[in-house]
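Just so we're aligned, residue 3 is where the sequence shown starts under my numbering, counting upward by one.
All residues carry an ideal CB built from backbone N, CA and C; glycine is no exception.
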Amino acid sequence: MLALAESWQQLDHDAGVVNLGLKLHAERAFEVLALWSHRFDEGSEKVQDVKDILLRNYCLAMIEQTCDPARIIENTPKKAPHILIPAFYQRNDILRAMLEKHPGSVDTPRSDKRTAVFSACFFNNIEMLELLLEYKAEMNVAEDDGWRPIHAAAVGGDPAMTRRLIKAGATFDPQDAPQKIHPLHLAAQGGNKELADYYIKEQSVDPDLRDSAGRTVVMHAILNDDAQMVRYLVETHGCALDICTVDGPNSLEMSAIHVAARDGCRESIQTVIELGGESDCPMVNGSRAIHLAANNDFPEAVRILAKHGADVDAPGMNLWTKDDIDKAREQLTATSGAKDKINLTDWSPLHFATAKGHTKVARALIEAKADPNKQNGAKETPMHLAVEKGNDDVAMYLSANGANMEIRDKDGLTVLQKAIIRDRFALAKELLRQGALLSSYSHRNTMTDAHAATLVHVAAQEPEIKLLNLLIEHGPDLSLPNALGRTPAHIAAEAGLPDHLARLLHTDDTALEKVDVRGHTPFDSACASGDLKCIELIGKRCAEGTLAQTYPEALHIAVSHGRVRATGYLLGQGYDPQAYNDAGWTPLHIAAQRGRENVVKEILNHRINPLRPLRNDPDVTAFDLAAETGQAEVLKLLFHLRSPDALDLTDLIFLSLEHMHYDCAAYLLGLRRGTDSGLPVHPVTGLSIQELYGGQNAEMKKSKPTEERHSDALETHFGSVAKPTPAQTKQLKSQAVNATPQQYKTQSMMHGLASDLYPEFDRGETRLWSKMNETDLAAFVKRVAPVADRYELDGPELRGATRKLPWYDDVTLFQLFDPSFANPKLRIYYLEHQGNLYWLNGTSPPIHEINAKAPIKVNEANVLDYLRFFTFFVRGEEGPFYLCEHKDDPMIPSHAKIEKIIDGVVRPNTFEGMNDKGHYLCDGVVFYSNAIFIANFAVQPSGMVEMLDDEPIAADLPVKIDAPLS
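This is the structure:
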């Protein structure tokens with residue numbers, strides 16, 4: 003096309019070349035004119051390429067030759083008709099030719115209803131306007147957005163054009179214009195004093211006329227930061243500066259100074275103040291112009307306002323709609339008393355700046371003497387907010403400019419502690435370099451000063467060592483004890499963290515000599531944890547053969563905590579298994595009383611005397627302690643070393659019976675029958691064993707009518723058994739629960755507890771869950787927040803964890819938890835597959851959908867784990883169908899009545915085999931609502947789960963499983 007254009011120019015605009023162009027590329031020429039209008043515009047400030055000028059004129063010649071004003075250029079966004087092309091390029095000659103040939107096309111619009119009149123008005127082309135009026139063009143046509151030619155004339159700026167339009171019948175009523183914007187508002191925005199004079203003086207338009215957002219004429223001048231126009235409007239036409247604007251029914255009112263500050267209009271701020279505008283007038287939320295400028299990152303605006311007396315520490319609300327303010331007041335009223343006493347104005351301009359990370363604004367405020375230590379209602383300083391929001395540059399600037407880093411927020415956290423909680427170790431390192439104190443007590447996880455725990459104490463028990471390494475680099479006192487007398491070495495040892503302990507001891511091993519309030523050393527704490535690496539780490543620091551003398555209580559401590567491997571190690575290091583502790587107990591006494599069966603085995607392997615008594619009570623042996631506390635399995639182990647003939651079994655029998663340990667009594671009676679067929683009689687009361695047992699049950703029935711304790715094992719020794727009571731009948735029904743599962747059944751493994759579902763209970767040697775780092779957690783929150791339009795997930799203590807699920811190849815389970823949730827037991831879970839997220843809200847569709855897509859792969863090895871997952875996340879009206887597999891499951895509510903029932907029925911889930919449909923048949927004990935029952939399930943290969951049968955065990959319980967998902 004350019005080649006033809008050059009030929010056309012060389013042949014002195016030959017019509018033949020134009021006609022040839024029409025044949026070859028007419029539509030393309032028309033599209034070029036419509037689409038390249040800004041490139042071809044002669045009014046453009048850029049220097050035009052001569053080739054562009056040539057191409058434009060050649061294409062216009064083709065438009066002129068065609069002379070079809072109503073023809074549409076289809077391949078353009080607005081479907082422009084030909085008549086608009088000469089109008090835009092201000093070719094009145096072509097436009098006249100079109101109208102002479104087709105006079106009725108004068109108002110032919112493009113798709114948004116704009117006509118040629120708009121071009122005439124925009125370009126102040128009165129000659130074109132007269133031409134269009136000659137052919138009866140409509141002066142009040144409204145395009146799709148509601149703008150009219152009169153608005154275009156105001157933008158064009160020539161008062162003569164506006165006068166001619168109005169003379170021709172154009173109206174300037176703004177009612178149907180966008181936001182009811184009047185041409186006078188546009189004149190103010192454009193700084194057009196003459197046009198403003200025309201409307202105000204000659205057309206009597208109110209100089210304080212508002213648009214639908216409440217913005218006045220002078221505010222429109224401010225929006226363009228035209229200080230001269232602002233001054234002119236105020237001084238010449240008396241425009242008011244204190245009239246307030248409202249952007250919507252839920253918005254806060256702003257005066258001229260607020261609008262100028264919000265948009266950072268520096269010249270307008272200066273002028274408004276010079277004209278008498280108040281620099282510090284508050285809005286409804288208490289915030290002022292300086293808050294707006296600080297919040298929106300306008301440091302120069304802040305400087306101007308501060309220079310003219312704005313209070314740089316003025317309190318304001320961090321709430322910007324009426325609804326948010328009302329909601330906050332209601333929430334505080336519910337907890338704080340009368341509504342008229344509620345005060346939400348607690349953020350200084352510096353709080354706004356630091357929360358947003360506006361370092362330059364913070365600098366401007368500090369230079370203006372703003373208080374860097376001012377606290378808001380949550381007792382947060384600006385630096386707390388900077389740390390919480392991850393605005394490290396601002397935080398570092400404040401730390402170097404007077405910020406007190408030891409001030410605590412409402413949770414008792416200093417800025418250093420908050421940075422560490424948020425895993426911002428680079429910032430923490432800088433804060434330490436700036437002088438943040440390591441000796442300040444931590445208030446993490448509800449701790450107070452009374453705990454006397456420093457950050458080093460906290461770091462000593464963190465799973466990852468990087469925090470401890472960071473703190474040690476800054477020289478803390480590692481021998482400093484907490485309120486319980488424990489040094490960081492005690493804590494690391496008891497937590498079973500050998501790398502932490504090695505780092506601490508490498509830096510300062512004097513803590514090994516420290517004892518806590520229990521009299522325990524770090525070595526004792528290591529023995530309590532049972533971590534062999536920690537134990538050996540300290541043990542190697544002792545001279546050979548001196549360990550027992552250096553730490554004489556260690557064996558007793560390991561035994562009391564049931565640490566089998568630690569017990570074996572200590573015995574191998576020369577500890578005397580029969581040594582007494584200060585209380586006069588041997589390790590065997592402790593293990594027998596506490597039921598540490600495996601520890602008892604380990605001790606008995608060292609050829610000790612099981613009849614060795616307590617030092618201060620020669621009548622009490624390990625046998626007595628086991629009988630008294632109901633440790634039947636321990637008794638069996640002890641009797642492997644001593645014949646029943648060596649003891650008075652009668653005393654042991656009655657000792658067990660008196661404490662209602664019927665299994666122990668039955669076992670001992672079995673031993674006695676081997677030597678004496680008669681049943682014993684109590685040596686003091688003369689009561690037979692039947693009478694004592696019957697009396698206990700009678701007393702139980704009187705004090706607790708609904709709780710009866712019967713022992714089939716014991717009653718078999720009585721010779722005759724009375725007719726079973728209802729409780730005994732119930733016991734018979736649940737024998738299947740108490741029986742040991744048959745050998746061919748598959749039981750769920752070591753993680754078959756709450757650790758499957760809750761990271762905080764995941765403490766096995768092989769961890770299921772992985773903690774999310776700060777970056778991953780922030781990215782994930784960005785994807786899901788707010789959850790259900792309720793949970794913003796922006797709390798400083800938000801934690802996240804992930805785990806894989808064995809019945810999927812490529813699906814991840816996410817858990818989110820924040821102690822600040824209204825219900826601290828709430829956990830939020832998502833499944834992720836191929837980048838798609840599925841919120842687990844207690845219903846089945848998300849699980850079934852991902853089962854189909856992943857797909858699910860159920861087998862005998864994972865079906866029990868899948869069943870536990872499904873029954874927890876797919877809920878009834880009363881909550882989860884929680885599978886109870888262990889009496890110590892932390893999810894089972896703590897209640898005396900519950901504990902007795904659980905002790906009798908709880909057991910691992912079992913896989914019973916396959917049915918003829920290929921479904922996996924499983925069995926388990928279910929806690930649902932306030933009832934416990936035995937249930938049989940069928941799990942289909944597709945992941946569908948059906949409960950086939952259930953047998954009630956207990957109902958109307960006083961508590962339920964409390965594990966909310968939403």
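Would you check if the region 854 to 865 and the region 877 to 893 touch, i.e. whether three or more CB-CB distances between them fall below 8 Å?
Because the criterion of three Cβ pairs below 8 Å is not met, the region 877 to 893 and the region 854 to 865 do not touch.
Cα separation between Ala415 and Leu186?
The question names Ala, but residue 415 is Leu in the sequence shown. Approximately 55 Å between the Cα atoms of the pair.
Using a Cβ-Cβ cutoff of less than 6 Å, which residues in the same chain neighbour Ser658 once the five nearest sequence positions on both sides are dropped?
So the qualifying residues of the chain are Ala629, Cys666, Ala667.
Just grab the DSSP bridge partners of Met256 for me.
Met256 pairs with Thr247.
Whose CA, out of Leu167, Ala144, Asp114, lies closest to the CA of Met130?
Met130 has its Cα closest to that of Leu167, out of Leu167, Ala144, Asp114.
By the 10 Å Cβ neighbour count, where 16 or more other Cβ atoms means buried, how is His360 classified, buried or exposed?
His360 comes out buried.
Looking at Thr78 and Glu145, is the spacing between their C-beta atoms short of 8 Å?
No, they are not a contact pair.
How about Ile610 and Gln580: do their beta carbons lie closer than 8 Å?
Yes, the pair counts as a contact, with Cβ atoms nearer than the cut-off.
So what does Asn938 bridge to, in DSSP terms?
According to DSSP, which records beta bridges pairwise, Asn938 is partnered with Asp925, Asp951.
Pull up the distance between the alpha-carbon of Ser442 and that of Gln419, whole angstroms please.
Looking at the two C-alpha atoms, the distance is approximately 9 Å.
By the DSSP assignment, the alpha helix (DSSP H) with Trp10 in it spans what residues?
From DSSP, the alpha helix (DSSP H) with Trp10 extends over 4 to 12.
Quick one: what does DSSP say Thr361 is sitting in, helix, strand or coil?
Residue state, collapsed to three classes: helix.
Pull up the distance between the alpha-carbon of Gly844 and that of Leu828, whole angstroms please.
For Gly844 and Leu828, the distance between alpha carbons rounds to 12 Å.
Report the three-state DSSP secondary structure of Phe816 (helix, strand or coil).
Note: Phe816 maps to strand in three-state DSSP.
Name the two residues that bound the continuous beta strand (DSSP E) containing Asn600.
Looking at the DSSP string, Asn600 is not in any beta strand (DSSP E); the run it does join, the alpha helix (DSSP H), is 599 to 606.
For Val686, does the count of other Cβ atoms within 10 angstroms reach 16, so buried, or fall short, so exposed?
Exposed: under 16 other Cβ atoms inside 10 Å.
Less than 8 Å between the C-beta atoms of Ser281 and Pro317, yes or no?
No, the Cβ-Cβ distance between Ser281 and Pro317 is not below 8 Å.
Under the three-state reduction of DSSP, which class applies to Gln737: helix, strand or coil?
In this prediction, Gln737 has a pLDDT of 37, which is less than 50 and means its spatial position is unreliable; nothing more can be read from the coordinates.
Please name the residue in Arg520, Ala430, Phe939 whose C-alpha comes closest to that of Tyr868.
Checked all of Arg520, Ala430, Phe939; the closest Cα to Tyr868 is Phe939.
At what residue ranges does the region 637 to 701 contain a whole run of the alpha helix (DSSP H), taking only runs of 4 or more?
Segments of the alpha helix (DSSP H) lying fully in the region 637 to 701: 651 to 660, 664 to 675.
Looking at the structure shown, is Lys773 part of a helix, part of a strand, or coil, going by DSSP?
Strand.
Answer with buried or exposed for Lys725, where buried requires no fewer than 16 other C-beta atoms within 10 angstroms of its C-beta.
In this predicted model, Lys725 has a pLDDT of only 36, less than 50, meaning its place in the structure is not dependable; the value taken from the coordinates is given anyway. Classification for Lys725: exposed.
Using the three-state DSSP reduction, which class does Leu22 fall into: helix, strand or coil?
It is helical.
Might you give, ordered along the chain, the residues of its own chain that have their beta carbon closer than 8 Å to the beta carbon of Leu243, omitting 5 neighbours on each side?
Counting only Cβ-Cβ distances below 8 Å, and skipping sequence neighbours, we find Val220, Val236, Ser257, Ala258, Ile259, Val274, Leu277, Gly278, Gly279.
Could you tell me which whole beta strand (DSSP E) segments of length 3 or greater appear in the region 493 to 552?
List check, beta strand (DSSP E) in window: nothing returned.
Within this structure, are the beta carbons of Gly23 and Leu6 separated by less than 8 Å?
For Gly23 and Leu6, yes; Cβs fall inside 8 Å.
If you reduce the DSSP assignment to three classes, tell me which class Lys806 lands in.
Three-state DSSP puts Lys806 in a strand.
Measure from the alpha carbon of Val813 to the alpha carbon of each residue in Val207, Asp820, Ile849, Leu833, then state which is nearest.
Considering only alpha carbons, the answer is Leu833.
So is Pro105 buried or exposed if we call it buried at 16+ other beta carbons inside 10 Å?
Exposed is the call here.
If I measure Cβ to Cβ from Gln377 and keep anything under 6 Å in the same chain, skipping five residues before and after, which residues do I get?
Answer for Gln377: Thr383, listed in chain order.
Considering only residues of the same chain and omitting the five flanking positions on each side of Phe935, which have a CB-CB separation below 7 Å?
Val928, Asp952, Glu953, Pro954, Ile955, listed in sequence order.
Could you tell me the alpha carbon to alpha carbon distance between Ala308 and Ala370, rounded to whole angstroms?
The straight-line gap from Cα to Cα measures roughly 7 Å.
Do Leu367 and Val304 have their C-beta atoms closer together than 8 Å?
Contact flag set, yes.
Hey, is Leu367 close to the ligand SAM, as in C-beta under 7 Å from one of its heavy atoms?
Among the ligands in the structure shown, none appear at all, so the ligand SAM cannot be discussed.
Please work out which residues of its chain come closer than 7 Å, Cβ to Cβ, to Leu37, disregarding the five sequence neighbours upstream and downstream, and give them in chain order.
Excluding sequence neighbours, Leu37 sits near Thr78.
Using the Cβ count rule (16 or more neighbours within 10 Å means buried), how would you classify Thr512?
With fewer than 16 Cβ atoms within 10 Å of its Cβ, Thr512 is classed as exposed.
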